[in-house]
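Asker: First residue of the sequence shown: 236, per this note's numbering; consecutive thereafter.
Even glycine gets a Cβ: it sits at the ideal position worked out from N, Cα and C.
Please read these numbers as outputs of a predicted model, since none were measured by experiment.
I have a structure I would like to understand better, so I am pasting it below and will then ask my questions one at a time.
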Amino acid sequence: MSDRHARRLFIPAALFNLLAGLPMLLATRPIAELLGLEVTPTATLFMQITMGVVVVFAWAYWMIARDPVRYRPYIVLGLLLKIMVVAVIFAHWLAGNIAWPLPALASGDILFALLFWRYYQQAEGRAPAWRGNA
(Lines of atoms letter the chains of each structure in order from A and count residues from 1; the text may use other names and numbers.)
(Lines give C-alpha, C1' and ligand atoms only; values in the text may rest on other atoms or scores of the structure.)
Protein backbone atom coordinates (compact mmCIF):
# COMPACT_ATOMS: atom_id res chain seq x y z
CA MET A 1 0.00 0.00 0.00
CA SER A 2 1.63 3.25 -1.08
CA ASP A 3 1.82 6.63 0.58
CA ARG A 4 -0.32 7.88 -2.31
CA HIS A 5 -3.16 5.64 -1.13
CA ALA A 6 -2.83 7.06 2.37
CA ARG A 7 -3.01 10.62 1.05
CA ARG A 8 -6.08 9.79 -1.07
CA LEU A 9 -7.88 8.42 2.00
CA PHE A 10 -6.68 10.48 4.94
CA ILE A 11 -6.67 13.97 3.41
CA PRO A 12 -10.41 13.71 2.63
CA ALA A 13 -10.92 12.25 6.13
CA ALA A 14 -9.13 15.26 7.62
CA LEU A 15 -11.25 17.64 5.55
CA PHE A 16 -14.44 15.79 6.53
CA ASN A 17 -13.57 16.16 10.21
CA LEU A 18 -12.75 19.85 9.78
CA LEU A 19 -16.02 20.47 7.95
CA ALA A 20 -17.95 18.57 10.62
CA GLY A 21 -16.11 19.95 13.65
CA LEU A 22 -15.17 23.58 13.02
CA PRO A 23 -18.65 24.99 12.31
CA MET A 24 -20.09 23.41 15.43
CA LEU A 25 -17.08 24.43 17.50
CA LEU A 26 -17.19 28.05 16.33
CA ALA A 27 -20.96 28.54 15.85
CA THR A 28 -22.37 25.98 18.25
CA ARG A 29 -25.87 27.38 18.74
CA PRO A 30 -26.88 27.92 15.10
CA ILE A 31 -25.36 24.64 13.89
CA ALA A 32 -26.88 22.67 16.77
CA GLU A 33 -30.29 24.16 15.99
CA LEU A 34 -29.91 23.20 12.31
CA LEU A 35 -29.18 19.64 13.45
CA GLY A 36 -32.23 19.65 15.73
CA LEU A 37 -30.22 19.46 18.96
CA GLU A 38 -31.21 21.05 22.23
CA VAL A 39 -28.96 23.93 23.17
CA THR A 40 -28.33 24.43 26.87
CA PRO A 41 -25.16 25.78 28.50
CA THR A 42 -24.15 22.26 29.55
CA ALA A 43 -24.95 20.78 26.14
CA THR A 44 -22.93 23.57 24.51
CA LEU A 45 -19.96 22.76 26.72
CA PHE A 46 -19.97 19.10 25.74
CA MET A 47 -20.64 19.83 22.06
CA GLN A 48 -17.62 22.14 21.97
CA ILE A 49 -15.39 19.62 23.75
CA THR A 50 -16.53 16.90 21.36
CA MET A 51 -16.00 19.07 18.30
CA GLY A 52 -12.56 19.99 19.60
CA VAL A 53 -11.71 16.28 19.60
CA VAL A 54 -13.12 15.95 16.07
CA VAL A 55 -10.85 18.79 14.90
CA VAL A 56 -7.82 17.25 16.64
CA PHE A 57 -8.52 14.02 14.79
CA ALA A 58 -8.53 16.02 11.54
CA TRP A 59 -4.94 16.90 12.39
CA ALA A 60 -4.19 13.20 13.14
CA TYR A 61 -5.58 12.16 9.74
CA TRP A 62 -3.46 14.83 8.09
CA MET A 63 -0.38 13.40 9.83
CA ILE A 64 -1.28 9.88 8.65
CA ALA A 65 -1.55 11.21 5.10
CA ARG A 66 1.96 12.68 5.43
CA ASP A 67 3.59 9.59 7.00
CA PRO A 68 1.30 6.54 7.19
CA VAL A 69 3.95 4.26 8.66
CA ARG A 70 4.98 6.55 11.52
CA TYR A 71 1.39 7.47 12.41
CA ARG A 72 -0.14 4.02 11.85
CA PRO A 73 -1.43 3.78 15.46
CA TYR A 74 -3.59 6.86 14.81
CA ILE A 75 -5.49 4.83 12.20
CA VAL A 76 -6.77 2.49 14.92
CA LEU A 77 -7.71 5.42 17.15
CA GLY A 78 -9.56 7.09 14.28
CA LEU A 79 -11.35 3.86 13.42
CA LEU A 80 -12.46 3.36 17.03
CA LEU A 81 -13.61 6.97 17.32
CA LYS A 82 -15.65 6.75 14.13
CA ILE A 83 -17.31 3.50 15.26
CA MET A 84 -18.12 5.05 18.65
CA VAL A 85 -19.56 8.21 17.08
CA VAL A 86 -21.77 6.21 14.74
CA ALA A 87 -22.95 3.85 17.50
CA VAL A 88 -23.84 6.65 19.93
CA ILE A 89 -25.52 8.88 17.37
CA PHE A 90 -27.55 6.11 15.75
CA ALA A 91 -28.59 4.73 19.15
CA HIS A 92 -29.96 8.14 20.10
CA TRP A 93 -31.69 8.48 16.74
CA LEU A 94 -33.28 5.03 17.01
CA ALA A 95 -34.44 5.88 20.55
CA GLY A 96 -36.13 9.00 19.18
CA ASN A 97 -33.90 11.42 21.09
CA ILE A 98 -32.58 13.27 18.03
CA ALA A 99 -33.76 14.12 14.53
CA TRP A 100 -32.30 12.72 11.30
CA PRO A 101 -29.76 15.47 10.36
CA LEU A 102 -27.04 14.37 12.81
CA PRO A 103 -27.23 10.67 11.83
CA ALA A 104 -27.10 11.78 8.19
CA LEU A 105 -23.86 13.61 8.92
CA ALA A 106 -22.51 10.62 10.87
CA SER A 107 -23.07 8.38 7.85
CA GLY A 108 -19.79 9.71 6.49
CA ASP A 109 -18.11 8.21 9.55
CA ILE A 110 -19.47 4.77 8.62
CA LEU A 111 -17.82 5.01 5.22
CA PHE A 112 -14.53 6.28 6.63
CA ALA A 113 -14.50 3.55 9.32
CA LEU A 114 -14.81 0.87 6.64
CA LEU A 115 -12.13 2.51 4.50
CA PHE A 116 -9.79 2.94 7.50
CA TRP A 117 -10.17 -0.75 8.39
CA ARG A 118 -9.49 -1.80 4.80
CA TYR A 119 -6.42 0.44 4.58
CA TYR A 120 -5.14 -0.76 7.97
CA GLN A 121 -5.45 -4.42 6.95
CA GLN A 122 -3.83 -3.92 3.55
CA ALA A 123 -0.95 -1.87 4.97
CA GLU A 124 -0.33 -4.36 7.78
CA GLY A 125 3.05 -5.50 6.49
CA ARG A 126 4.60 -2.04 6.61
CA ALA A 127 6.70 -1.76 9.75
CA PRO A 128 7.50 1.67 11.19
CA ALA A 129 10.99 2.89 10.44
CA TRP A 130 13.14 3.43 13.52
CA ARG A 131 14.09 7.04 14.05
CA GLY A 132 17.25 8.01 15.88
CA ASN A 133 19.99 5.73 17.13
CA ALA A 134 19.32 2.19 18.27
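From residue 271 to residue 303, what does the alpha carbon distance come to, in whole angstroms?
Answerer: Taking the sequence shown and counting its residues from 1, the one referred to as residue 271 is at position 36. Taking the sequence shown and counting its residues from 1, the one referred to as residue 303 is at position 68. Roughly 37 Å between the two C-alpha positions.
Asker: Would you grab the beta carbon distance between residue 300 and residue 249 for me? Rounded to a whole angstrom, and I think it's under 8 Å.
Answerer: Position 65 of the sequence shown, counting from 1, holds the residue named residue 300. Position 14 of the sequence shown, counting from 1, holds the residue named residue 249. So it is a contact: roughly 7 Å between Cβ atoms.
Asker: Could you check what DSSP says for residue 269 in three-state terms: helix, strand or coil?
Answerer: Along the sequence shown, read from residue 1 onward, the residue named residue 269 stands at position 34. Correct three-state label for residue 269: helix.
Asker: For residue 336, which residues in the same chain have their Cβ closer than 8 Å to its Cβ, ignoring the five residues on either side in sequence?
Answerer: In the sequence shown, residue 336 corresponds to position 101, counting from 1. Excluding positions up to five away in sequence, the list reads 269, 270 and 271.
Asker: Grab me the residues of residue 355's own chain with a C-beta within less than 6 Å of its C-beta, minus the 5 sequence neighbours each way, in chain order.
Answerer: Translated into the one-based positions of the sequence shown, residue 355 becomes position 120. Around residue 355: 310.
Asker: If you draw a straight line from the C-alpha of residue 315 to the C-alpha of residue 326, how long is it?
Answerer: One-based indexing of the sequence shown puts residue 315 at position 80. One-based indexing of the sequence shown puts residue 326 at position 91. So the alpha carbons of these two residues sit roughly 16 Å apart.
Asker: Determine, using beta carbons only, whether residue 282 and residue 319 come nearer to each other than 8 Å.
Answerer: Against the sequence shown, residue 282 aligns to sequence position 47. Against the sequence shown, residue 319 aligns to sequence position 84. No, they are not a contact pair.
Asker: Excluding the 5 residues flanking residue 291 on each side, which residues of the same chain have their C-beta closer than 6 Å to its C-beta?
Answerer: As a position in the sequence shown, residue 291 is number 56, starting the count at 1. Excluding residues within five positions, none has a Cβ falling inside 6 Å.
Asker: Nearest-angstrom Cα distance between residue 313 and residue 344?
Answerer: By one-based count along the sequence shown, residue 313 stands at place 78. By one-based count along the sequence shown, residue 344 stands at place 109. If you take the alpha carbons of residue 313 and residue 344, they lie about 10 Å apart.
Asker: For residue 367 and residue 267, what's the separation of their Cα atoms in angstroms?
Answerer: Numbered from its first residue, the sequence shown carries residue 367 at position 132. Numbered from its first residue, the sequence shown carries residue 267 at position 32. At residue 367, the pLDDT of 49 sits below 50, so the modelled position is not reliable and the matter cannot be decided from this model.
Asker: Hey, quick one: how far does the alpha helix (DSSP H) through residue 342 stretch, first residue to last?
Answerer: For the purposes of this step, residue 342 is taken as residue 107 along the sequence shown, with counting starting at 1. Where residue 342 is concerned, the enclosing alpha helix (DSSP H) stretches over 336-357.
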